[in-house]
Structures are given as structure tokens and as C-alpha cells.
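Sequences listed follow chains A and B, in order. So for the first sequence, my numbering puts the first residue at 128; every next one is plus one. So for the second sequence, my numbering puts the first residue at 82; every next one is plus one. Heads up: the structure comes next, in C-alpha cells.
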Amino acid sequence: MSHPLIGRLERHGSLSGEEKQVLRDISSRTAVYRPREEIVPEGSTPAHSSLILSGFATRHNHSLDGKRQITAFHVPGDFADLHSFLLKKMEDGVAALTECTVAQVAHSDLKEITKNYPYLTRVLWHTTLVDAAVHRAWMTTLGRMEARERLAHFLCEMRDRLDTIGLMQDNSYELPITQEELGDAFGISTVHVNRVLQDLRAEGLITSRGKTLVINDWERLQQVGQYSSDYLHIDQKLERD
Amino acid sequence: MPRFYRHIRQGGRLIEDPEGIERPDLGAARAEALDGTRDLLAEAIRHGRDDWLTDAIVITDEAGQELLTIPFIEALPPRLYEALLAVLPSVTRSPSEP
Chain A
128 MSHPLIGRLE RHGSLSGEEK QVLRDISSRT AVYRPREEIV PEGSTPAHSS
178 LILSGFATRH NHSLDGKRQI TAFHVPGDFA DLHSFLLKKM EDGVAALTEC
228 TVAQVAHSDL KEITKNYPYL TRVLWHTTLV DAAVHRAWMT TLGRMEARER
278 LAHFLCEMRD RLDTIGLMQD NSYELPITQE ELGDAFGIST VHVNRVLQDL
328 RAEGLITSRG KTLVINDWER LQQVGQYSSD YLHIDQKLER D
Chain B
82 MPRFYRHIRQ GGRLIEDPEG IERPDLGAAR AEALDGTRDL LAEAIRHGRD
132 DWLTDAIVIT DEAGQELLTI PFIEALPPRL YEALLAVLPS VTRSPSEP
């Protein structure tokens, strides 16, 4: 099985055989989580970072009165909490959305990478910068767009992110996210989520078959979502030493 | 937990909820539907739209059995709701809290 992180990182330039082996070695300890199971609890201080190898996961915060805000959806190849290597205490949590296989990458191994593999260090750093860029893009849709544009923007983003790891074909991909989860991510009620998705379907922009989402009109969906993939920096080349 | 489906009735058209939501009982599903409607109406009102005045949420169970119809205007603050109910003959009050 190809390694989703290696595939994703190689979009920025090829890795040496040694670098690829290091990534395989540090991600060899894996755990499987059931849907909705916590991968990294809020407030915990993990000794490893969680790299999603298969399945979908969320990052979330809870308000003091118990309301959940989903702040990210993670897909294979995403290091959900690479930041816990340096930030130590998790102010947010990571949970499985579907069954997830997760590599538990020891912080001591990450430290070795920063000591001995400068290019790997930079390309992993790049992934955390893209995570932050995704947060800024979400913040913009949350603050400045209506529900319809926001959800269209997200469906475009998922298409491109899943494409980089080979999980998108012919504008179609698995989207195992419920109305409730979309609502908790984008600050709208489930009734509103359903209304928006049904409108997008009625207008011929998307169709769904079970958990499979098909984008029928990619151009128009991008227009509705005011979407441009620039913030994902998918094919941006990184300089080697 | 039972699953409730919250379809939207708009004139003769039904905007289906294919997924539904799990709630302990119909009362909780009704409260959730009213909250959801407020969120929907807030955006419509921001855009100056009133094309939802006679729309309603139709709650069904997993077998598709209709359990409750809640007019959208019931999600408005009480005095607005009563005033609109008086001038919209096609809209009928939903049965009180089950």
C-alpha cells in the first residue's frame, strides 16, 4: 500500500529513498479507531503525533457550555496534531469520523527528523502552514459567506484535498460526513445544511449516491463557493538543500 | 435512539431530508427542527426574503410516517408568530408540544 503522507509530500518535490524510509519507519506503530472514538483527547499531552493513514477524522473544540465546533476535517496523509510535538498540551481534540488507521509518530522521532533531515523538516512544516491556511480560509467563509457558499467552498476543498491522495475520481469522492458534523463545522443547523445541499442538487451542481458525492458542474460549484485552490499550495515546489 | 427526518414543504414541493437525525423523542426532534428553522430564517431575513412564509417542516419517522408539521413562522418570536398566523389563512398551528 502506498503511504499517503509520502504521496502528499512528494507533490512538493521528490523525496530520497532514505527520507521515504524514515517516514515509513516513524509511522510503523499504528492503532485503529472506531467511528467517533477519540484519537487525541482535548487537554491531553500526547507523546506522539497522530498521522491519519486511512479514514476521516475531525479536530474539534468544545465551548464551556458543551457545544462542539469542528475546526478541521482530516483525511489520509494529514498529520492531525503535528503541532502537539511543540505545543505539548492539546487545547483541542482529534476524533475518528469513520474507522481510522492512525500512525502514532513518537515526538522523539520527530525530534530526530528535525536534527538530521532538514528537507523533511521543512516539508512537514509546510503541512502545518497549509493546515493554518485552511483555517484562515474557513474563517473567511464563516465570517463572510452565506451557508450555501460556505458548503460549496468546502465541497470544492475536499475534492482537491482528496485528489492529492488519490481518493477522488471523475469529480466524485466519498464524503462520510453527516449533516450534523457539517453543521458543527460551518455554524449552521442540520435543517439548513440539508436545505443547502438539496438546493445544490436541485440545481444540478452535485448528486449523491449514499456517501459518494459527485460534482456534476465543477465550474459552477467553484463560482458558488468563490473557491480557488491557491491556499492549499498542493503542487508548490519546495527547494532542496 | 429513533431517527427523525425533517423535510421542508414549500408550496407543493417537498425538499427531502435523506439522512435524518437521531433524537430521544419527538419533543427533542421538534425543538431541533425549530432551532434549525430559526437559523434558516435568519439568513432569509438578512436577504430581505419572505418567500418562506407558508413553508413548513414535516417530521417523519424511519418508515416515512408523518409525525408532525411545523409551520416555519412558528419559529419566530411569539408575537410575530401570532400576528402572522392571523393573516395567513393557509397556515395552521402545529399540535402543541407532544
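The C-beta atom is built at its ideal place from N, Cα and C for all residues, glycine as well. On a predicted model such as this, the values are computed, not experimentally measured, just so you know.
With a 10 Å radius around its C-beta and 16 neighbouring C-beta atoms as the bar for buried, classify residue i as buried or exposed.
| i | result |
| --- | --- |
| R336 of chain A | exposed |
| H280 of chain A | buried |
| N243 of chain A | exposed |
| M266 of chain A | exposed |
| Q296 of chain A | exposed |
| A329 of chain A | exposed |
| A167 of chain B | exposed |
| N188 of chain A | exposed |
| E284 of chain A | buried |
| E163 of chain B | exposed |
| S154 of chain A | buried |
| G204 of chain A | buried |
| E308 of chain A | buried |
| R163 of chain A | exposed |
| Q148 of chain A | exposed |
| T268 of chain A | buried |
| I126 of chain B | exposed |
| P152 of chain B | buried |
| I96 of chain B | buried |
Does residue i come out as helix, strand or coil in the three-state DSSP assignment?
| i | result |
| --- | --- |
| P179 of chain B | With a pLDDT of 48 at P179 of chain B, under the threshold of 50, the modelled position of this residue cannot be trusted, and the question is left open. |
| G117 of chain B | helix |
| K364 of chain A | coil |
| A199 of chain A | strand |
| E308 of chain A | helix |
| R84 of chain B | strand |
| N188 of chain A | strand |
| G204 of chain A | coil |
| A223 of chain A | strand |
| R336 of chain A | strand |
| E169 of chain A | coil |
| L157 of chain B | coil |
| G140 of chain A | coil |
| I133 of chain A | helix |
| H319 of chain A | helix |
| T241 of chain A | helix |
| R151 of chain A | helix |
| L213 of chain A | helix |
| G108 of chain B | helix |
| L359 of chain A | helix |
| Y354 of chain A | coil |
| R174 of chain B | coil |
| V168 of chain B | helix |
Who are residue i's beta bridge partners in DSSP?
| i | result |
| --- | --- |
| T228 of chain A | A:V159 and A:S181 |
| A137 of chain B | B:R90 and B:P152 |
| I126 of chain B | Its beta-bridge partners do not exist; DSSP assigns none. |
| H175 of chain A | A:A233 |
| E164 of chain A | In the DSSP output, where bridge partners are listed per residue, E164 of chain A has none listed. |
| L95 of chain B | B:R90 |
| V374 of chain A | Nothing can be reported for residue 374 of chain A, as the shown portion of chain A is limited to 128 through 368. |
| E147 of chain B | B:T141 |
| I102 of chain B | B:F85 |
Listing by chain order, which chain B residues have their CB less than 8 Å from the CB of residue i?
| i | result |
| --- | --- |
| H319 of chain A | G117, D120, L121 and E124 |
| E307 of chain A | I102 |
| A199 of chain A | The premise fails here: A199 of chain A is roughly 22 Å from chain B at the closest Cβ pair, so nothing lies under 8 Å. |
What does residue i reach in chain A if we use C-beta pairs closer than 9 Å?
| i | result |
| --- | --- |
| E97 of chain B | N321 and Q325 |
Residues of chain A with a CB under 8 Å from the CB of residue i: which are they?
| i | result |
| --- | --- |
| R87 of chain B | T317, V318 and N321 |
| A114 of chain B | V318 |
| I138 of chain B | V318 |
If the cut is a Cβ gap below 7 Å, which residues of chain B does residue i touch?
| i | result |
| --- | --- |
| E273 of chain A | E124 |
For the ligand MG, I want to know if residue i counts as a neighbour, meaning its beta carbon is within less than 7 Å of at least one of the ligand's heavy atoms.
| i | result |
| --- | --- |
| R138 of chain A | With respect to the ligand MG, the structure shown offers nothing to examine, as it has no ligands at all. |
Which ranges would you report for the beta strand (DSSP E) in the region 252-301 of chain A if only whole runs of at least 3 residues count?
-> Complete beta strand (DSSP E) runs here, min 3: 299-301.
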